[in-house]
Each structure stands twice: as C-alpha cells, then as structure tokens.
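Residue numbers (my numbering), protein chains in the order written: chain R, 1173 to 1610; chain Z, 488 to 922.
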Amino acid sequence: MKTFIGIDLGSTTTKAVLLDESERILGRGITNSRSNYETACNVATEEAKIDARFTLFRREFGDGNLTAEAEEFLAKLESSFRLEQFLEQLDDLEETCTAMVKGDRFATTGDAVKAALAEVFVRLRKEAGPMYEPGAERKSDFFRDIAGSRYLNLAEEVGNEMDVAHDVLLNIYDKSIIAVENRPPAGSLDEKFARAMERITDGVVDPSLSEKAARALAVELEETYLVGTGYGRVTLPFSKEHIRSEILCHGLGAHMMYPKTRTVLDIGGQDTKGIQIDENGIVENFQMNDRCAAGCGRYLGYIADEMNMGLHELGPLAMKSSKPARINSTCTVFAGAELRDRLALGEAREDILAGLHRAIVLRAISIISRSGGVTDEMTFTGGVAKNEAAVRELRKLILENYGEVTINIDPDSIYTGALGGAEFARRAAEGRVEGVEA
Amino acid sequence: MKPSIVKAQPGDVEKDASMIKQKQMMAAHYERLSNAPETGEKVASTFVPGNLNELLMCFDLVNNLPEVNAIQSGLRKKSGQYIMEAERAGHSEDVCTYVKSDIGMMMKGNIGPNGRELPKPDVLLLSYTGCFTFLKWFELLREQYKCPTIFLQTPYMADGKVTPNMIQYMVKQFKETVIPTLEEVSGVKFDIDRLREYLAKSAKAEDDLVYILETGKNKPSPIDAYFGGIYYIGPIFGAFRGTDDAIDYYKFLREEVDQRMLKGLGPVTPDGPMGEEKYRLVVEGPPNYTSFRQFWKMFYEEGATVVASSYTKVGGTYDYGFRHDPDRPLESLAEYCLGVYTNRSLPMRIDMLTDYINEYEADGLLINSIKSCNSFSAGQLLIMREVEKRTGKPAAFIETDLVDPRYFSAANVKNRLESYFQMVEQKRSGKGAAA
C-alpha cells in the first residue's frame, strides 16, 4: 500500500501523519522533539506507522461497526504492543546502564553496582505487565517519564537492600536515559506486532479476529514520498524537494480539515502565524511574529513555571475567572514581573491567568489583522488551540472585531502542519506539485 | 594623496570587476578623509538623501557620510558593539541604529573602515529633512564637534508633486544660508560655473546608472537590483557624484552588465554566477547589513533575483527622469532633494512599486521592514496591501534591522522567504489546487 508521510518538526514536539492514496489519514504520531531532530523524526514516523496499523485493523474489522469483542481485541493488542515497545527500550536501557559501570570509579564497587542494576531491571520488568493492562492508567506515554519515575523508586529500594549508594544508581540512569532516548527506535515493527499478537491470542474467543488482524499486518506500508516541514526542517537529511515551508503546510492542512477555511491562526511553541488561504488551500498572505517569541506557547510554559503549575492546568484555572486582570504586556519578562506584582497585591490567580491568556490572544489578533483580517471561516491550530481559556478569549475578540464567524478547532489540530506536508507528499508523488519532483 | 589600500579579498568570495573597482574608490575616499588633517582639506558631514556633493566640491570640501560609516561598521561586524556603547550612554533601544552605531563609533575613537581615525567635520550640512531622526542626529554631532551647522529644509511631497513654490523656497535657502555659510567655513568663493561643470558630469553618470538599473527588465536580469544594487549606488549616492571617477565607474559597470546581458547571464553573487532565475522580485526597504551575505544567500540559493528596488532610489529617483541640470543649477539641486524616495508620499511610493512590478515583470513584492527606520517603515503594511490589490501579485513582509545584529533572526527570515517563494510558485503554476 502506498503511503505518504508528512513530518512537522516543531520546537516542542514532532508530529507525523501518514496518508493513503485517497487522501485519508492512516495514522498520526507525536513525540517530544528533544535536541535530536533526526531521532524525533524517526520516532514520530514510527508512531504514525503503528497508528496506521490500528487503522488497518479497524478497516479489516469493518470500520465504524466494530463488535464489542473486536474493540476488546484491539485494546488488548494495543496494550500488548506498547508493553512490547516498553520492554524493548527497557532492555536497551539496562544494557546502556550496565555498560556505564566501568573504569577506576567502579574498581571496588563494580560488581555490587551491576548486581543492583540487574535487580532494579528485574523489578521494572515485573511491574511492566500490569502497567500495560488494558485500561490501566499511565502518567505519560513517553518512555522517559514512565521508566524514569519507577526507576527512581526502585533504585532507592534496591540500593538500601543491597547496600549500594542510591545516588550512584541515579547518576548511571541520568547518563543512560539521554543516550537511549536519542537512539532511533530499533527492531522491526512487524516483529513487535507478531510478539504482541502471540501474547494475546490465548484469550481470543473469535479466531477470525486474529486472522483478520494477521491480514492487516501483512499489508506492506510503502513509504512512497515524504515531506518535512517545521523549524527543524533544514537540519533534516532530506533533499530540498522534500521540504516545504510550514506556513504552506499549515494552510493546506487546515484546508483539508475544513475546506471553507480562509484564515488560519496557528499558535505554536515559539511562533504565532496568521495565514490567509484561498478556496484551494493555497496561501495568499501570511504574517508571523518577528524573532521575539512573546505571546507564543512558550510564554504560557514560562507562566506555568512561575506559578508552579502544570501547563495543562493554566486554561482550566483561567476559565474560573469572571473579571480578567488587564495584563499589559506579552513580553514574557515583563509579564512575569507583572504577574508577581499582582500576586503580591492579592489578586486572584484565575483573574491574572485570564488576563495573560487575553494578552496572548490580543497579540494573535494583531498578527491576523496584519495578514488581512478574518473574512470567512477561520481555523485555530497549534498547541495553544488546546487551551480552553485561550479559545474563549479568541472567540470573544474575533466576535468584537469581525462579527459572527465560524471558528474551527480540531482536537487533532496539532497535526495540521504534518497533514499538509503529507498531502504535499501525495501530490508530489503524483507529479502534481510545482517545484517538487516525484 | 596616498595610494589607496585595498584589502585582499577572501578567496571564496567572487566579485565582479566593477565591485572591486567600487571598493577601491570607496577605500580611496576613506583614505582621503583620514588624511584630511594632514592635507588640510576641510570636511563636511552630510547625508545620502539630499546629498549636495557638487555644491560641496565647489568649496573644496570633502564629503563624509555618517550613514555610510554606519553601514561600513555593520558590514564589518562592528556596529553591534558600537550600538551597545551608545545604549550604555543613554540612547534608547528604539533609536535608529545608524545613529547609535555612529555615536558608538565616535565614543570608541571614531575609527573608520580603513582602521584610521575619521576627521572632525568642519561643517554639518543637513540637506534633507524628510527623516526627523537626521535632525536629532546632527544635534548630537553639533554638540560633539561644536562646528557650524547648516539646516536646509526640504518640504515633504505630501501632495505628490513638486510645486514652483517649493523650489523657490529651497533656492532662497541656498542663496541666503547654505552658500554663504559654506563660503565662510571654506574660505572659497562660490563660483556657479564650477557648479555647472560638476552638474554636467553628474548627469552623464546618472544616465549610465539608469541604464544599468533598467537592465533588470531583461530575462534573466543581469543585475541584482538590491544586493548588487547597493554596490552600484555607492559612488553616485556618496562622494563621487559630479566627478570623472563616477563617469568612469558607471561606464565600466555598464559595459560589464552589457556583457552579461549579451551572454544571457544573471547577476554575480558572492558564491559565483547566479543559477537559473526562478523568481523576479521587487523589494521595498533597506537591506540588513550585519548579515548582508547570509541574507543575500537566502535569495540566490532559491533562484530569486531582485529586479528593482526602492532602496536604490534613496539617493535620487533618476529612473523617473530627473537629472542634475547645469542650466538650472540651484533649481535642479532643489528638485533633487525633493525627489528622493523617502521624501515621496505613500501614494507616490505605491505608484512606484506598482510600476516596477508591472514594468520589470516581477513575481511580486517583498518588504523588508526595518525596525529602527521610521522613514521607511511607517505605512509599509498599507503599501503592501495596495500594491497587492493593484497588481494581483503576492507580497510578503519580513522584518530585520539596518545594522543592529540583535534584530536579524536568520531562521525567522529564511522561513518567511521560503514560504514566500513557495507561495509565488504555487500561485504561478495554479497547479496546487486541492483535489
């Protein structure tokens, strides 16, 4: 099966989308960008391919009309597959950690440390099974977060029992996790799926499900064409024909999700873009912030740190405000100072936060206006589109400035750029797009 | 005069013969300035827009241009530290970075691009008032040098035309203030025939300059009218207008450009001859000087040639027919000052850019909006919208600064430029339509 890949290398996360020949989304993948774009790109693509497999399973199982049994089967298969992935990375982590135990530093303690490490990993593996039961809650989907938090606890436990210094074990972990995380995913996906299938086939009542799944697995996902976009694009080992500007990709992606869109607002980690597109998704004009990233996603991250909150907690708290404070600056440094000032004066946190959200959106409105304003349907994308308080302020300000217009926000809007990229790839493969040769 | 010192060029940078000649001329001029205290030549500081070089030459005054000094500091990566120096002395972050680079340079010993001290001016001639900053700049210089300051007021072309009254008003200023003060400073009696002679020479070089700039109408264009254009305007916007050197330079340049045109070649870039011409652009606004080569590269790497620019008109809009005229010496100097690009109203600038896009068959308009230049930047979004509307060609907006390296974000500029080029491509082919 021909597939077309779009990869959006953002400053915070890297996204990949896989399209099929009929422009349908097969799979989406996301990962943190780290400092290594190449790995991020591999991981996101692999995640999108995994997601694509599940789409194929669903199609094989009858799309839309899945039986409860089929749903259960898929849930089990997914958990089993994630466990498989986790165990594989755990093996890598153990190997890397063990390899760190060498040199003069470990002349006398080496054997004890190795024994302790081995024990930590035995326990980690034991815990892994239940962690990946269907329906089990995990704090995060990133290996680093899951393995990290358990390792810390287990290292302390094992260290005490086996009389190995806790901090030595932690130090080894800290050095190793970076290497493991920056290593491209190893092993073939097919094999991982095969092992994951094996683990769950026992309890399956309807054997036709396994057969259908096997059929879906047999479909080869051919990487027909790939297009990269986003800030990291120039660092990629892609040739020029495989790179498109993120502004064009966002425009096209938004058009695919909402064909009536004429204005796209994207607020990402470090930039805010106002894009005008025509009825074919072609960019007519755009404006974006200059080098100062004030009022972008990072601003919220900074504010969250200042207030000792999680990024995702900001929106809900701001929503509780009934009288937003007037924050004068989107300059992160000034806003930080203003924030502390107001907290000191005893203003409610929710009111201050609501004011900060308004400040961000005000800046975005100015960028939209510079790009040509809002004349028809508008689509809001990027990480900040997930923040309900920002959305509320945007709706208010758009209404005040442009009257009643439809504002589209897709829950998967974070993939807009990658989706546009994938469509560019699909067109390029068809030889349809100017300047991009198939 | 001592022979000029020309620094050896780094082997990896390609230059036209004319560029080398231009650099030699500029270097010779800086040597002349540095030698002034010994040779006894008197120096006038003045600006590029409204530069009255022919008049200054009538009084044996050497022309020193603080803006060009700031540009040289920018190209030599010195402006950053000069600007910080000026900011430490209290100049605001919002002040024009040419000014701060100049002030910082003075604070650091006023060392010019030739590594030698620049002379103290004997007179300050402010001959263009369209930029308010120039006034303030010269107030600072006056305070520093305590020398006579001449203030020639140039009416802004708010109504889009030069009226006889405007010219009379300026000629009156020439007769009553400018010329008497220059006589007093220099000790040289004004001779109008000498002025006529210089003006005739100016007009000759101006003819060739216009010819060269208009070769941009060819496909491919043999010149880059923005990055290359900056070399081309150097002598005539600076200290060489009205001299034989300028006539020679523009003749030489014209032949060089003609050769390229005959062979169907594009401009020469620092990385060698330009490849295929994929995009033809009109650019509005000054360039960035601190990352000049990197900035240029973002264009030529993508096959983008600038076929016409407004920046090459800041020292005179010769392509609109103006020539210095020996038969109307003072009147034509007045007209010259009135006609410079930034003295033109927004509607006039819109007309010019629209004409350029049509006459040079450009793919669109690119605006490089300069953070610290109000003269240029005010109204640019409006200009962009209007030109877009009239030509139906896509426009884009990037933001950099003249000589402050802190305001040049390569990734951001490149991102916008690439998006713009791809947008032009998409629109041009019309094949990008979604299925």
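The C-beta atom is built at its ideal place from N, Cα and C for all residues, glycine as well.
Take the alpha-carbon of R:Glu1309 and the one of R:Met1303: they are about 7 Å apart.
Per the coordinates, the alpha-carbon of Z:Tyr718 lies some 23 Å from the alpha-carbon of Z:Met544. Chain-ordered, the chain R residues with CB closer than 8 Å to the CB of Z:Leu868 read Arg1542. Rounded to the nearest angstrom, the Cβ distance from R:Ile1202 to R:Gly1593 is 14 Å, too far for a contact under 8 Å. Residues of chain R with a Cβ closer than 7 Å to the Cβ of Z:Glu905 are, in chain order, Ser1417.
In terms of CA proximity to R:Ile1532, R:Ala1557 leads the group R:Leu1517, R:Ala1557 and R:Thr1547.
For Z:Tyr517, the enclosing alpha helix (DSSP H) begins and ends at Ala504 to Thr526. Each of R:Arg1316, R:Leu1341, R:Gly1320 and R:Ile1318 was checked against the Cα of R:Glu1328, and the nearest Cα belongs to R:Leu1341. DSSP, reduced to helix, strand and coil, places R:Arg1434 outside both helices and strands of the structure shown, so it counts as coil.
Annotation for R:Phe1458: the continuous beta strand (DSSP E) segment containing it runs Val1455 to Met1460. Listed along chain R is no residue with a C-beta nearer than 9 Å to that of Z:Glu873; the closest approach is about 13 Å. Proximity of R:Asp1462 to chain Z, defined by a Cβ-Cβ separation below 9 Å, is satisfied. The beta carbons of R:Glu1478 and R:Arg1512 sit closer together than 9 Å.
Collapsing the DSSP output to three states places Z:Leu639 in coil. When 8 Å is used as the limit between beta carbons, R:Gln1459 is near these residues of chain Z: Phe884, in chain order. Note on geometry: alpha-carbon atoms of R:Glu1522 and R:Cys1464 lie some 26 Å from one another. One thing to note: Z:Ile679 has its Cβ no nearer than 9 Å to the Cβ of Z:Leu627. Under the 9 Å criterion on CB atoms, R:Ile1197 is classed as non-interfacial with respect to chain Z. Chain-order list of chain R residues neighbouring Z:Met910: Leu1420 and Val1455, by C-beta distance under 7 Å.
At a cut-off of 9 Å between C-beta atoms, R:Asp1443 counts as an interface residue with respect to chain Z. Between the beta-carbon of Z:Ile857 and that of Z:Leu889 there is about 6 Å, and that keeps the pair under the 8 Å contact cut. Spatial neighbours of R:Val1391 in its own chain (CB-CB distance under 7 Å, excluding positions within 5 residues in sequence) are listed in chain order as Met1173 and Leu1228.
Interface flag for R:Tyr1474 against chain Z is unset, since no Cβ pair is found closer than 9 Å. Distance check between R:Leu1472 and each of R:Thr1175, R:Thr1184 and R:Ala1366 places R:Thr1184 closest, using alpha-carbon atoms only. By the CB criterion at 9 Å, Z:Arg519 and Z:Val555 fall outside the cutoff. Within the model, the alpha-carbon separation for R:Ser1493 versus R:Asn1559 is close to 15 Å.
Spanning the alpha carbons of Z:Glu875 and R:Val1399 requires a straight line of approximately 30 Å.
The alpha-carbon separation between Z:Asp812 and Z:Arg831 amounts to approximately 21 Å.
Using beta-carbon distances, R:Tyr1403 counts as an interface residue toward chain Z, with a partner under 9 Å. Considering only R:Ile1475, R:Gln1442, R:Gln1459 and R:Gly1425, the residue with the shortest C-alpha distance to R:Asn1452 is R:Gly1425. Closest in alpha carbon position to Z:Lys800, among Z:Asp850, Z:Tyr843, Z:Gly790 and Z:Asn652, is Z:Tyr843. Take Z:Pro760, set aside five residues on each side of it, and the residues of its chain with a beta-carbon closer than 7 Å to its own are Leu752 and Gly753, in chain order. Near chain R, meaning a CB-to-CB distance below 8 Å, no residue of the segment 765-793 of chain Z qualifies.
One alpha carbon belongs to R:Ala1220, the other to R:Asn1354, and they sit about 18 Å apart. Remark: C-beta atoms of R:Gly1446 and R:Gly1544 approach each other more closely than 9 Å.
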